[in-house]
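The next block holds one structure in the form of structure tokens; read it before the comments.
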Amino acid sequence: MKKNTLILITGIIITLILAGIALGTGLTGLIVKTEDTDFKQDPGFYKALANHFAEQGEYDEAIPAYETSLALGEDREVRNNLAVLYHTSGDYTNAVNHLRILAEQYPENPSYHYDLAVNLVDRFRNSEEQEVNDLLEALAEYELVEQISPGYQNAKQNAEVLRGILKI
Amino acid sequence: MKKKIITFLALLLIVPALVLGATLIISSKPLTEEDAELYYITGNALYKQSDYDSAIKSYKKAVSINPLYEEAHNNLAFLYNKVGEYTKAAEHLAELTQINPANPSYHYDYAINLVMDIKETKQGEIEDIENALEEFKITDNLAPGFQHAKENIEFLENMRDSYYSKQG
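Note that the protein sequences, when read in sequence, are chains A and B. With positions in the first sequence counted from 1, the corresponding number in my numbering is that position plus 43. With positions in the second sequence counted from 1, the corresponding number in my numbering is that position plus 578.
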């Protein structure tokens, strides 16, 4: 046998042994293949980015990132976080709009109804053009919360206070 | 190479954020029946709907919770004046002259409502004229030239003198 042929056969045998070891020990699991993702179209990327900004307290950066994420794909957590950030920044109308959608999509979730009521009262308190309808809607939402989940946060007490204010 | 670095950094950001998640929550204080401001704002909203009776009840509740609530007393006086209840308007303006004696408009409006009451009921006491005169004088001292304080002082002094001359 020629020397070159011997080297080739040895090489093949070594390769087969290493491949066998790799398969046998599950080393293939360590092989990572990077996906060629277009992040500009990935709602998850914007969500993560927004979460990062929100955690840093950079709400002006977080809000547009959440909005972009939502425009690329519906995500209840993104919509909820957006509502929370709008609430935090005093934009109660936008918070109300997002929470209305969530309350409609997940009617059995008391927290969306509760937060909607909170934002309606806050909008009533802080807007130039107070609408009694905001209080009426808030009352209905608190009553709904109490119906869905009796004893949920301060829903019962808040409903009683609003009933007292509105019956006058 | 650059693309690979961007991909790596994006993954570095996304992976922990997706794993950990970040659901934000709205924290809110419970509503209370002792919230004078909420009653005051409700009064404003009811006034805008021309529901004066309900607005008055809301403002009254606000001042019962916080007797020093200037805006609520002022709006009560305004509404009572608007519906022709000058005695009640004067009562709230008398309160305001105690709460904030440096504000000339409270003294002026108090005097105006005392005179309006005399004019409306045609049974004013000389004490009411003296009171109104005194309030117009305080107004003119606090803010010389304020509205028609000077002319009204002259008019009421003539009226008072005429009353005493008739009494002999």
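Don't be surprised by glycine CBs; every beta carbon is placed ideally from N, CA and C.
Item to complete: Determine the contact status of Thr126/A and Ala138/A, defining contact as a CB-CB distance below 9 Å.
Response: Per the sequence shown, the amino acid found at residue 126/A is Ala instead of Thr. In contact: Ala126/A and Ala138/A (Cβ atoms closer than 9 Å).
Item to complete: Assuming Leu128/A and Val121/A form a contact by the criterion Cβ under 8 Å, report the distance between their Cβ atoms to the nearest whole angstrom.
Response: That pair is no contact at about 11 Å.
Fill in: Unbroken alpha helix (DSSP H) run spanning Lys626/B, endpoints
Run containing Lys626/B: Ala614 to Lys626, per the alpha helix (DSSP H) assignment.
Worksheet entry | Residue of Tyr109/A, Leu205/A, His95/A and Gln99/A minimising C-alpha distance to Ala181/A | Leu205/A
Fill in: Three-state secondary structure (DSSP) of Asp103/A
helix
Item to complete: Just mark Val661/B as buried or exposed, buried being the case when its beta carbon has 16 or more other beta carbons within 10 Å.
Response: Counting C-beta atoms within 10 angstroms of its own C-beta, Val661/B has fewer than 16 neighbours from the protein chains shown and is therefore classed as exposed.
Item to complete: Answer with yes or no whether the minimum CB distance from Leu711/B to chain A is below 9 Å.
Response: no
Item to complete: Within the same chain, show all residues whose beta-carbon is closer than 7 Å to that of Pro682/B, passing over the 5 residues directly before and after it, in chain order.
Response: Thr717, Leu720, Ala721 and Phe724
Discussion item. Please return the same chain residues whose Cβ sits closer than 8 Å to the Cβ of Glu110/A, not counting the five positions on each side in sequence.
Written reply: Here the set comprises Leu125.
Discussion item. I need the DSSP call for Pro193/A, collapsed to helix, strand or coil.
Written reply: coil
Discussion item. Is it the case that the region 609-621 of chain B contacts the region 159-171 of chain A, given that we only count it when at least three CB pairs across the two stretches are under 8 Å?
Written reply: yes
Worksheet item: Sorted by chain position, which residues of the same chain lie with C-beta nearer than 8 Å to Glu649/B's C-beta, five sequence neighbours on each side aside?
Response: Counting only Cβ-Cβ distances below 8 Å, and skipping sequence neighbours, we find Tyr618.
Practice prompt. Output the distance between the C-alpha atoms of Pro193/A and Gly100/A, rounded to the nearest integer angstrom.
Written response: Approximately 33 Å, taken between the alpha carbons.
Fill in: Rounded straight-line distance, which links the Cα of Asn152/A to that of Asp177/A
21 Å
Item to complete: Taking only beta carbons into account, state which residues of the region 614-629 of chain B come closer than 8 Å to chain A, listed in chain order.
Response: Glu615, Leu616, Tyr617, Ile619, Thr620, Asn622, Ala623, Leu624, Lys626 and Gln627
Discussion item. One question on the structure: do Ala668/B and Tyr647/B come within less than 9 Å of each other, judged by their Cβ atoms?
Written reply: no
Discussion item. Rounding to the nearest angstrom, what Cα-Cα distance links Tyr157/A and Tyr185/A in this structure?
Written reply: 6 Å
Fill in: Cutoff 9 Å: Asn197/A Cβ touching any chain B Cβ
yes
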